[in-house]
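Residue numbers (the numbering used here): 6 to 613. For reference, the structure discussed in these notes is given below.
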Amino acid sequence: MSRFFKGKTWLSKFKIWMVYGFIAFIIAITIAVFAIITYTSDSSKNNGRRVFESSLWNALQLQIQSYRFLNYLEALEDSDYPLNGNAFFEYDLLMSRVDLLREGEVGSLIRNFEGGRTTRLLNIINGELELLSFNLSRIEDGDHTYLPDLIVRIQNIEEQINEFVTLVNKGSNEYISQQHRTLQKNLNDIQLLSMALLACLLCLCFLTIKGLTELKNVLRRNDNLQSSILAVHEDKSDMLSFIHQEIRSPINAILGAAKTLKNTTSYHDTEALSQHIEESGQQLLQTIEMFSDLALIDAKKLSLTITTESLSKNIHDYLAIFETKMSRKSLQGIAYIDPLLPTNIQMDFSRVKEIIVALLQNAITNTPSGSISLQVRPSALNAPKGQLPAKAKEAKMLQIAIRDTGLGMPNQLQQNLRINPALPMQQEGPLPSKVGLSLALCHKLVYLMQGEMHFSCAPQKGCEFWVDLPYYEPNDNDQNTSTIFQCPNKTQALIIETDTHLAKIIGLQLSTFNIEVSFSKDGSFQEHKNYDLIMLGNTPRFERDGKDAILQWKAKSCPILSYHPKVLNNPEYSVIPLCFPLTQNQLETHIYKLFSNHKAPIKVDNHD
6 MSRFFKGKTW
16 LSKFKIWMVY
26 GFIAFIIAIT
36 IAVFAIITYT
46 SDSSKNNGRR
56 VFESSLWNAL
66 QLQIQSYRFL
76 NYLEALEDSD
86 YPLNGNAFFE
96 YDLLMSRVDL
106 LREGEVGSLI
116 RNFEGGRTTR
126 LLNIINGELE
136 LLSFNLSRIE
146 DGDHTYLPDL
156 IVRIQNIEEQ
166 INEFVTLVNK
176 GSNEYISQQH
186 RTLQKNLNDI
196 QLLSMALLAC
206 LLCLCFLTIK
216 GLTELKNVLR
226 RNDNLQSSIL
236 AVHEDKSDML
246 SFIHQEIRSP
256 INAILGAAKT
266 LKNTTSYHDT
276 EALSQHIEES
286 GQQLLQTIEM
296 FSDLALIDAK
306 KLSLTITTES
316 LSKNIHDYLA
326 IFETKMSRKS
336 LQGIAYIDPL
346 LPTNIQMDFS
356 RVKEIIVALL
366 QNAITNTPSG
376 SISLQVRPSA
386 LNAPKGQLPA
396 KAKEAKMLQI
406 AIRDTGLGMP
416 NQLQQNLRIN
426 PALPMQQEGP
436 LPSKVGLSLA
446 LCHKLVYLMQ
456 GEMHFSCAPQ
466 KGCEFWVDLP
476 YYEPNDNDQN
486 TSTIFQCPNK
496 TQALIIETDT
506 HLAKIIGLQL
516 STFNIEVSFS
526 KDGSFQEHKN
536 YDLIMLGNTP
546 RFERDGKDAI
556 LQWKAKSCPI
566 LSYHPKVLNN
576 PEYSVIPLCF
586 PLTQNQLETH
596 IYKLFSNHKA
606 PIKVDNHD
C-alpha cells in the first residue's frame, strides 16, 4: 500500500507508519474483545453445567444411594437368601457415585472446595466403603451374623457423607459467586475495549477517505503511465514490423537460391550445404516472425484469423517440418489424433502451428535419444463463452499434448514457465530471456487464444506439455464425416517395443482401426503365437532369436510391420516398412491393404 503514497502527498513516511499502527491497534483490540467474549461464554457454560449439574448433583446422588443401600440391608429377610449378587449390585451403585466424584472434571472442581477438606472426606468415605466388601461377601454367601455389623458401619459413614455434601454445596456457591464476579469484570473490559475500538474506527475512516483521495490521484497518474508504456510498445511493434518487412526479401532470395542450387547440382556436399542454407533461412525467418508476434501481443495488436481446415492434415504437416531434425538425432516421432474430434474445425491454424512448432522444438532440444509424441484429443475443460464466428455451430476445447523421453527441463526454467496470466497478481507472461523465444511466444499465444498451458517434467524421464485450446465446429456436418477403415472384430496385434511411451501411442493408433493390441516389452518372440498383425519395433532380443520368430510368423502368413533398422535392411524378411514420423494415415494405408478383403470400411461421424 505504501507505494501509492510516495511522492509529494499529504502523507509523510511518519504518517504512513501511523496508519499502519492504527490498523494493528484495531486488530489487537478486536482480537481481545472476541477473546474475552469467548472466554466469558465458555465460563458461563462451565458454571451452569459443571457446578450445578455435575458436582452438586453427584454429591446428592452419593447421599441418596447410601440411604438406599442402608434401607436394602435393613429390609433383608430370610426368604431373600441367597442374594444372588443383589447386595453387590446395590454396593456397586454406591461405589459408582464415589468414582464420579473422584475422577474427571468433577473431581478437579471438588478438590478446590474448602481447602481440600472435601477430598479428605471423600477418601475417608471411599476407604470405609471398601472395607464393607468383606462383610458383604459373607452375607452373599448366606451368613446372617455379619449383617448387623454392616448396618452399623454404614450408619457411621452417614455423618461423613452429610458433611461432604454440605462442603460441596458451600464450595459450589462460592465458585458460582467467583464466576459471576469474573463475568462482570469481563463485561466491563469489553465495554472499555469497544469504546476504544469505535474511536479507532472513526480515525481510520478519516484516514481512509484521505487515502482514497490520494489513491485516485495515483491511479490517474498510473493510467497516464500505462498510456505511455502502450505507446512505447506500439513504437517497438512498428519498428520490428519494419525490420521484418525489410529483411524478408533478402531472406526469401537466399531461400530461392538455395533451392535452385539444390535442384541443379548432383554433388552430395553441395546438396547438403544447400539444404542447410534452406533450413537456416527458414529458422531465421521463423525467428523474425516470433519477434514480430511478441511485439504485437505486447502492444495488444495481434488479432486471430479463424479458418476452417483439416485438423489431421495440419497436424501431420507441422510434425513433418521436423522430420530432418529428428532423423538427424535418430529420434522417433509419432502423431495420434483422437477420432472423436471433427475432421474439419475452425481455428487460427497459423497460431496453432506456432504453438506446436515451439513445443516440438523444445522437445527435440532436450531429447538426445528416444521418442517424441504429438497427441490431439478432446479436452475436459469448458469452452470460453463468447460470440461464435461465422458458419460456426458450437465452441469446444481440444488438448494438444507433446511428450518426450529426454532429459527434462532445469528447475529454474520450470519456475519461470509457471505463470498463469488469468490469475490475479500474475505477470502477463514469462520473459524470453528466461525461457527462450519459442516458449515465451507459445505461452503468450495460448492465453491470448483463451486457452491454458500446463507441463510436467521429471529428470532423465522427459517432459510432457499439454495445451487446451478452444475450437469451433462448422455448421456443415458433411465436412465432419470421414471414412476410417475398420478391421474385423477381434483382430489381434502384437507390438514389440521397449519404449513404453512409443508403444502406447502406437496402440492408440491401431485401436482406431478396431484392432486389439498386446504389448511385449522384452521382445519375447517365441511366447506370442496367434496374432493377425505384428508390429516389430525396438527390441534387444532381435539378435538372438528374432530371425526364427520372423520366419515362423511368415510361415503362418502373419503380416509384419516394422521400423527396426536391421529388419528393414534384410530383404530376406520381406516386412512392411514403416518410417518416422509415424502417423495414422501411414498405418491406415498398410492396414487397409492387409484387411480390406475381410471387411469394408465403415463411416464414422467424428462430430458425434
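Where a beta carbon is used, it is the ideal one built from N, C-alpha and C, also for glycine.
Check                                                                                                                                  : Outcome
Exposure label - residue 605; buried when at least 16 CB within 10 Å                                                                   : Reliability fails at residue 605, whose pLDDT of 42 lies under 50, so the model's placement of it is uncertain and no value is given.
Limits of the beta strand (DSSP E) - the one that residue 406 falls within                                                             : 397-409
Inter-residue Cα distance where the pair is residue 570 and residue 236                                                                : 58 Å
Same chain only: Cβ atoms within 6 Å of residue 473, ignoring 5 sequence neighbours per side                                           : 384, 386, 402, 404, 456 and 457
Meets three-Cβ-pair contact criterion under 8 Å: the stretch 492-512 and the stretch 574-582                                           : no
Between the CA atoms of residue 342 and residue 515 - distance to the nearest angstrom                                                 : 12 Å
Short Cβ contact (8 Å threshold) for residue 414 with residue 447                                                                      : no
Residue 537 vs residue 594 beta-carbon contact at 8 Å                                                                                  : no
Simplified DSSP assignment, three categories, for residue 423                                                                          : coil
Candidates 396, 352, 452 and 470, of which the one nearest residue 377 by Cα                                                           : 470
Reference residue 146; option with closest CA among 314, 222 and 83                                                                    : 83
Buried/exposed call for residue 325, threshold 16 Cβ in 10 Å                                                                           : exposed
Exposure label - residue 122; buried when at least 16 CB within 10 Å                                                                   : exposed
Reference residue 520; option with closest CA among 597, 170 and 166                                                                   : 597
Endpoints, alpha helix (DSSP H) assigned at residue 479                                                                                : Here residue 479 belongs to no alpha helix (DSSP H); instead the beta strand (DSSP E) covers 467-479.
Proximity winner among 314, 330 and 373, relative to residue 357 (alpha-carbon distances)                                              : 314
DSSP state of residue 524 mapped onto helix, strand, coil                                                                              : strand
Collapsed DSSP secondary structure at residue 436 in the structure displayed                                                           : coil
Contacts around residue 398, its chain only, beta-carbon distance under 6 Å, and the 5 residues preceding and following it disregarded : 478 and 480
Contact check, residue 283 vs residue 264, beta carbons under 8 Å                                                                      : yes
Simplified DSSP assignment, three categories, for residue 462                                                                          : strand
Coarse secondary structure for residue 577, derived from DSSP in three states                                                          : coil
Buried versus exposed call for residue 136 [16 or more other C-beta atoms within 10 Å across all chains shown]                         : exposed
Whole-angstrom distance between residue 316 and residue 348, CA atom to CA atom                                                        : 6 Å
Sequence ranges, alpha helix (DSSP H) only - wholly within the stretch 97-135, length at least 4                                       : 109-116
Span separating the alpha-carbon of residue 108 from that of residue 101                                                               : 11 Å
Coarse secondary structure for residue 52, derived from DSSP in three states                                                           : Unreliable positioning characterises residue 52 in this predicted model, as indicated by a pLDDT of 49, which lies under 50. The coordinate reading is nonetheless provided below. Residue 52 falls in the helix class under three-state DSSP.
Cα-Cα separation between residue 91 and residue 192, rounded to whole angstroms                                                        : 54 Å
Which residues DSSP lists as bridging residue 382, in chain order                                                                      : 404
Chain-order list of residues whose beta-carbon lies under 6 Å from that of residue 86 (same chain, five-residue window excluded)       : 147
Sequence-distant residues of the same chain with beta carbon closer than 8 Å to residue 28, five excluded per side                     : 209
Coil, strand or helix - residue 567 by DSSP                                                                                            : strand
Straight-line Cα distance separating residue 298 from residue 289                                                                      : 14 Å
Residue 157 classed as buried or exposed, judged by whether at least 16 other C-beta atoms fall within 10 angstroms                    : exposed
Cross-strand partners of residue 582 (DSSP beta bridge)                                                                                : 567
Where residue 349 sits in the DSSP three-state scheme                                                                                  : strand
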